[in-house]
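Remarks on the structure that follows.
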């Protein structure tokens, strides 16, 4: 422990610090840490239901609770008030894995529809997302064997606040279909990493339906906000998509890692992913009455991650979780207000959740390059102080600072201090 | 906590129980649990070096230490005594992910060699493993887009103790090459899940080299034993393979999840897996001097898993870790002795590590079906007692019980009690 304190801690980036405003926060709680601790001690590898019944049951229960919090249609749930649902969920490690497994299911479905055997038609399948979609989506497509030439990154612009334009999507999908390709999968993002842009889920699902393509919603960060009625409209239309993933390890107080994937028809996933080796055969599986979660993920082994999610929801309850989201959003609004009140700065895109994208405005004799450079220097100088940590992005060719509120220990005073530091550092640069 | 005790614990399969002999044990230790606890609290998502320098450095250090323990060639190490190595390691969640990412790297290398663009030649690539290889390998091949028709499962038999026969491998690879396919990847297993069979790493690497195919060694379970000189020969020839993975979460006291993947040329992996979105760009990455571990895995986010592995090695040291392996093997030997001394039973395959595959022998008027049924009933009756938990497999068409020693709290008395229970239960069936 001494070596840890003296040699390791000084070299860590302190994601848990209230002065951490970079990337997206990894929110945390005593309930989640306790859940992880107990799971570490139990150390079950619940790959099949039979390998640890309560581990699977609790994961399914926690996922169904979260689905209720998010007001997802019951078609995504494992159990409904009238019995077993057709949908299902699974806890994975990352959004990337959620994308990968649904891409594989979609690809199998497309090959099946076209009556193809094997992958001989794989080069004809095409996939779609906005250029603001996380880079990991395009990587997942390559991992799953899609032809890089058929992975479409559709340009976005300020007219849609960098969200995917459904008519552009239609245009691109139609052109591909006309050229003999098979439109297979569309990824819509609710709350992009770069600037928190929101793709219109319902409109995108309508377009995709024309081609029988799978629609996945990546709500890794902003999905957590959708437990509040005032943000839920961002998921409107979700009843028409095939799958949705969101990560409570980002904004729902559940420490790493916990990505929840829901699919409307669990069998479409497990048909592609199931294995049945002799050494895992058991009566429960053969009864067809249980869920074997290994058949909804890449690997076999799996930790008891349902426990921490269950403990977070059980400990805090709906109201407290909503308050947590609202408090972060209120702090982000306050920061946004500070920025707008200082005419040296601009807010670059509308703030949707708790991320504020801002920059020193181009002014006077500044060129665009000068403004970018000023913002780059601002970020470097801020981060060098060790008193705040921010990351950047590029939006519409402009270098932009991302101020992501929400680290679990953050209070108004930390946001205010960071703003004071930003003002002071900017004065140092601009004078 | 009360609800956990009353509603959840009774439904768990207690993997940590000393009476757990099923599957492979998930070994554990206070050091690993503490490492996980601290990592949960720090909650860093060290996707890039810059996102938490010490998290990456410690993971790399822990992996290099483990490589030294395993006497892997320095070509697999990130740092060598003379500076930075060309190899590298990464901690992943499962062996399946290690297989998937190396399959993708191998597939890109094969396409590159054949001058193909995109995946248009993917249907020509072929992959190889013994029929005893974990089913997750064949699944990983499908996930990566290999044509199911070109995924070869090579039959094994008692003449090689169910290990892959290198001359059969050569035959199959040559036939494929003659038919215009491109032999791309061979998976060799050291310690199969079913019966702990060992594929001959060196001989397999020699065959694969004739076709320029990637060789991966899956030593998920038995790799841990190779820290003892008396088991290290199972890795002979590893200097000629491209990658090797082993899981300290199985047999090296490091709780779930911790799969260590080593590759001989780290760039072959990162060339296939790297992403470089604007919001993750940073000076450290651009310097080329650091490792961004996100470029060696499926996803972006990652937990600080290096900490627990470092804490286990730091706390126990080489000698104690070797003693831990030897103590488990000694208990397995004792159990094997018990079985051999009772003529109602047989040991089905030679015991290589701490797994004993045994069964009630066919005798008297018993048919093969009767013997299988007797063993099935034995397992069911044993497990129903709640005093021991065993799993089964099928070896050479026979139903076989797997007695896997090694659960961390296990002592000789637990093995002895389990054997007494087995004898008594068998008497109940046979009389």
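Residue numbers (UniProt numbering), protein chains in the order written: chain G, 1 to 431; chain Y, 1 to 431. C-beta atoms are modelled at their ideal positions from N, C-alpha and C, and glycine is treated no differently.
Is there a C-beta anywhere in chain G that falls below 8 Å from the one on residue i?
i, result
"residue 299 of chain Y", "yes"
"residue 53 of chain Y", "yes"
"residue 386 of chain Y", "no"
"residue 392 of chain Y", "yes"
"residue 26 of chain Y", "yes"
"residue 104 of chain Y", "yes"
"residue 222 of chain Y", "no"
"residue 396 of chain Y", "no"
"residue 348 of chain Y", "no"
"residue 418 of chain Y", "no"
"residue 369 of chain Y", "no"
"residue 128 of chain Y", "no"
"residue 58 of chain Y", "yes"
Buried or exposed for residue i, please, with buried defined as at least 16 other CB atoms from any protein chain shown within 10 angstroms of its CB.
i, result
"residue 233 of chain G", "exposed"
"residue 59 of chain Y", "buried"
"residue 385 of chain G", "exposed"
"residue 27 of chain G", "buried"
"residue 217 of chain Y", "buried"
"residue 229 of chain Y", "exposed"
"residue 190 of chain G", "buried"
"residue 431 of chain Y", "exposed"
"residue 422 of chain G", "buried"
"residue 426 of chain Y", "buried"
"residue 407 of chain G", "buried"
"residue 19 of chain Y", "buried"
"residue 372 of chain G", "buried"
When you compare only the Cα positions, how much space is there between residue i and residue j?
i, j, result
"residue 245 of chain Y", "residue 134 of chain Y", "13 Å"
"residue 29 of chain Y", "residue 195 of chain Y", "26 Å"
"residue 137 of chain Y", "residue 96 of chain Y", "7 Å"
"residue 159 of chain G", "residue 122 of chain G", "35 Å"
"residue 57 of chain Y", "residue 49 of chain Y", "8 Å"
"residue 130 of chain Y", "residue 151 of chain Y", "11 Å"
"residue 92 of chain Y", "residue 32 of chain Y", "16 Å"
"residue 139 of chain Y", "residue 132 of chain Y", "14 Å"
"residue 199 of chain Y", "residue 362 of chain Y", "29 Å"
"residue 305 of chain Y", "residue 257 of chain Y", "8 Å"
"residue 178 of chain G", "residue 211 of chain G", "11 Å"
"residue 240 of chain G", "residue 202 of chain G", "7 Å"
"residue 300 of chain G", "residue 89 of chain G", "16 Å"
"residue 424 of chain G", "residue 342 of chain G", "12 Å"
"residue 291 of chain G", "residue 404 of chain Y", "26 Å"
"residue 365 of chain Y", "residue 283 of chain G", "28 Å"
"residue 328 of chain G", "residue 94 of chain Y", "35 Å"
Would you say residue i and residue j are within 8 Å of each other, going by their C-beta atoms?
i, j, result
"residue 43 of chain Y", "residue 64 of chain Y", "no"
"residue 176 of chain Y", "residue 126 of chain Y", "yes"
"residue 188 of chain Y", "residue 215 of chain Y", "yes"
"residue 321 of chain Y", "residue 295 of chain Y", "no"
"residue 53 of chain Y", "residue 11 of chain G", "yes"
"residue 333 of chain Y", "residue 35 of chain Y", "no"
"residue 73 of chain Y", "residue 238 of chain Y", "yes"
"residue 45 of chain G", "residue 302 of chain G", "yes"
"residue 429 of chain Y", "residue 377 of chain Y", "yes"
"residue 279 of chain G", "residue 193 of chain Y", "yes"
"residue 375 of chain Y", "residue 360 of chain Y", "yes"
"residue 226 of chain G", "residue 219 of chain G", "yes"
8 Å is my cut-off, CB to CB: does residue i come that close to chain Y?
i, result
"residue 94 of chain G", "yes"
"residue 257 of chain G", "yes"
"residue 139 of chain G", "yes"
"residue 183 of chain G", "no"
"residue 145 of chain G", "yes"
"residue 62 of chain G", "no"
Cβ-heavy atom distance between residue i and the ligand FAD below 7 Å?
i, result
"residue 181 of chain G", "Although the ligand FAD was asked about, the structure shown includes no ligands whatsoever."
Only counting runs of 4 or more residues, tell me where the alpha helix (DSSP H) segments fall wholly within the region 288-313 of chain Y, in order along the chain. none
Which complete beta strand (DSSP E) runs does the region 315-366 of chain Y hold, if anything under 3 residues is left out? 345-347 and 355-360
Which ranges does the beta strand (DSSP E) cover as unbroken runs of at least 3 residues, wholly within the region 69-102 of chain G, from first to last along the chain? 88-92
Would you list, in sequence order, the uninterrupted beta strand (DSSP E) runs of no fewer than 3 residues that lie entirely inside the region 244-281 of chain G? 259-263
Report the residue ranges of all beta strand (DSSP E) runs contained in full by the region 163-228 of chain Y; include only those spanning at least 3 residues, in chain order. 182-189 and 214-218
Counting only runs that start and end within the region 365-416 of chain G, where is the beta strand (DSSP E) found for 3 or more residues in a row? 391-395 and 398-404
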